[in-house]
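Residue numbers (the working numbering), protein chains in the order written: chain A, 32 to 318; chain B, 32 to 318.
Protein chains: 2
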Amino acid sequence: MANLMLGKEVTAALNERIRQRVDRLKEKGTEPQLAIVRIGEQEGDISYERGAVKRCEMLGVKCRQIHLPECSSTEEVLAVIEELNSDAAVHGVLLMRPLPKHMDQARIENALDPSKDVDCMTDASLTGVFTGKKIGFAPCTAQACMEILDHYGIDCAGRRAVVIGRSLVIGKPAAMLLLQKNATVTVCHTKTKDLPSVAAQADILIAAAGQAKMVGTDYVREGQIILDVGIHMDENGKLCGDVDLEAVSEKAAYITPVPGGVGSVTTSVLVSHTVEAAEAAVCAENR
Amino acid sequence: MANLMLGKEVTAALNERIRQRVDRLKEKGTEPQLAIVRIGEQEGDISYERGAVKRCEMLGVKCRQIHLPECSSTEEVLAVIEELNSDAAVHGVLLMRPLPKHMDQARIENALDPSKDVDCMTDASLTGVFTGKKIGFAPCTAQACMEILDHYGIDCAGRRAVVIGRSLVIGKPAAMLLLQKNATVTVCHTKTKDLPSVAAQADILIAAAGQAKMVGTDYVREGQIILDVGIHMDENGKLCGDVDLEAVSEKAAYITPVPGGVGSVTTSVLVSHTVEAAEAAVCAENR
């Protein structure tokens, strides 16, 4: 049976480090602050926001919630972002996406100061992920996968990693982060032929396909490490991931469950990025 | 025996299209212009510049050569770039790299207007390559590989592509361009374990390892398509690539020779990007 890589274990260790850093910042007179901007009333957004607010509270990070109506104009959203950019007390900004379709996505996404871009919304942050340069932050979910691998002492160097999915939110950034860890990385997607056998070559498999229980035993080989980024409701109304956990557990060596896996780490990464942004702001002030 | 994919065949077709576009631009009163900035007297730079100047002449594109001494300061280089940015007659700028070590690479690289960045020097252009957004231009060599595949009617969709090398100049951008063509893409590098057998899984192999004749028969399988980006001098003083052409020719289906392969297409891609930049400038003026 596969060992479960539990989000709560990773998060506990991560939170402990975050708390220490928050304490040091507060000793120096800085309270790290995250601003969450939510447009409209999407259920997924509300639930993610709730989790983030709670995590911030728990870790001593101030959280400011800004809610705009679905019908807001691009200019109204830009005004909010501009205000947060110039507010020195705000260190990180999370704008819930996707944005309503009537808005100018590119203009809004790139309006945010990359130094406050804690979830990789700007092109500048994406450049950082692609080039390995220290610009902005990686997407929280992709970074959460790396935190899990690190926590369980999984060395990626020279190993074969396969990422299913090529989105800018998870697939491509996860591939770049794995490359930085010296893995040999393959990116698969909907056009990949014989996906199961490509996936089965992986030592480390990241499933970010967005399809419930798609990854079955034919994708998996003995001893594989699997990170499941998906989150869906199954036919019985229960949460599940991209991986058919029950089926693959026999073969895989390590796997993240859904719920209780990658998702729960993502929120702590968000807070961690905010604290890092606050630290950088303090450094910049003292320069 | 493998079919040779000859740079001159690809270039002939590409040049024909470029000429038509140059004619249309001139009819509208615009002469496309490329500025080449060379710092110091590196032999490789001089030889590449010579080729580019000749290709520009041949295709009716004006080419301005700017030579700065090796000892120039960052500020002096920035001043040249600023001048070229504001000169509406200049549509494309190629700055030879790597720059001398005493210079501020990042500042210089990002000083160029992305709309004139015909060889992907700026972070903005790299973002374009990573995201697929229309920002700047892809690196000429990576783009040349795609032009060769297109010219020989090689459909990448669903096929396995392996890129050896993860540099920002070739490896990573080539991987992104192959992903855009719907290939299943694997990036290998110096830390990859059992590189030959990973490479041998490729339908399409791009060798950008920077090591002479590294790719031998053990990297290749029957029917493979190989693009050789390397350029080296072998033990007999003859030009060769990353691929041991003679050895792999028995197995591979298609292969680019060195010299006469990817390199010769790169120069035409440079001119083609300049023409595209000129077209975009004309459109912007008419808006």
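Glycine is no exception: its CB is placed at the ideal position from the N, C-alpha and C atoms. Here the structure is a predicted model, which is why all the values come from computation and not from measurement.
Below-8 Å beta-carbon distance, residue i vs any chain B residue
i, result
"A188 of chain A", "yes"
"K132 of chain A", "no"
"F161 of chain A", "yes"
"C219 of chain A", "yes"
"T223 of chain A", "yes"
"V229 of chain A", "yes"
"N323 of chain A", "Nothing in the structure corresponds to residue 323 of chain A, since chain A is present only between 32 and 318."
"L210 of chain A", "yes"
"N317 of chain A", "no"
"N12 of chain A", "The first residue shown for chain A is 32 and the last is 318, placing residue 12 of chain A beyond what the model contains."
First and last residue of the uninterrupted alpha helix (DSSP H) at residue i
i, result
"T215 of chain B", "Element bounds for T215 of chain B: not the alpha helix (DSSP H) but the beta strand (DSSP E), T215 to C219."
"A312 of chain B", "V293 to N317"
"L157 of chain B", "D154 to T162"
Paired residues, beta bridge with residue i - DSSP
i, result
"R191 of chain B", "B:T215"
"V274 of chain B", "B:V246"
"K35 of chain A", "The residue asked about is misnamed: residue 35 of chain A is Leu in this sequence, not Lys. Looking at the DSSP assignment, L35 of chain A forms a beta bridge with A:I286."
"M207 of chain A", "The partner list for M207 of chain A (beta bridge, DSSP) is empty, contrary to what the question assumes."
Same chain, Cβ closer than 6 Å to residue i, neighbours up to 5 away in sequence not counted
i, result
"L115 of chain A", "A66, V121 and V124"
"K222 of chain A", "none"
"G196 of chain B", "G202, A239 and A240"
"H263 of chain A", "A243 and C271"
"R52 of chain A", "V306"
"T287 of chain B", "M36, L258, D259 and V293"
"K212 of chain A", "C187"
"D144 of chain A", "N116"
"D76 of chain A", "R69 and M127"
"V251 of chain A", "V279, K282 and A283"
"G91 of chain A", "V53"
Host beta strand (DSSP E) of residue i (start-end)
i, result
"D181 of chain B", "Note, D181 of chain B: premise wrong, no beta strand (DSSP E); alpha helix (DSSP H) at C171 to H182."
"L226 of chain A", "No beta strand (DSSP E) holds L226 of chain A; the alpha helix (DSSP H) holding it covers L226 to A230."
"D259 of chain A", "I256 to D259"
"L236 of chain A", "I235 to A238"
Min CB distance residue i to chain A below 8 Å
i, result
"D181 of chain B", "no"
"V251 of chain B", "no"
"K203 of chain B", "yes"
"V279 of chain B", "no"
"D154 of chain B", "yes"
"L126 of chain B", "no"
"V216 of chain B", "yes"
"T105 of chain B", "no"
"V194 of chain B", "no"
"T158 of chain B", "yes"
"D197 of chain B", "In the sequence as displayed, the identity of residue 197 of chain B is Arg instead of Asp. It does: the Cβ of R197 of chain B has a partner Cβ on chain A nearer than 8 Å."
"N46 of chain B", "no"
"L258 of chain B", "no"
"N34 of chain B", "no"
Close Cβ partners of residue i (< 8 Å) along its chain, the five nearest in sequence each way excluded
i, result
"E281 of chain B", "M32, A33 and T248"
"E80 of chain B", "I67, R69, Q96 and M127"
"L208 of chain A", "V160, A169, A173, Q174, C176 and M177"
Cβ neighbours of residue i in the same chain (closer than 7 Å, five flanking residues each side left out)
i, result
"L367 of chain B", "Nothing about residue 367 of chain B can be reported from this structure: the residues present for chain B run from 32 to 318 only."
"M134 of chain A", "T105 and V108"
* Asked: Which residue spans inside the region 51-136 of chain A form an unbroken alpha helix (DSSP H) run of at least 4?
  -> 74-90 and 105-117
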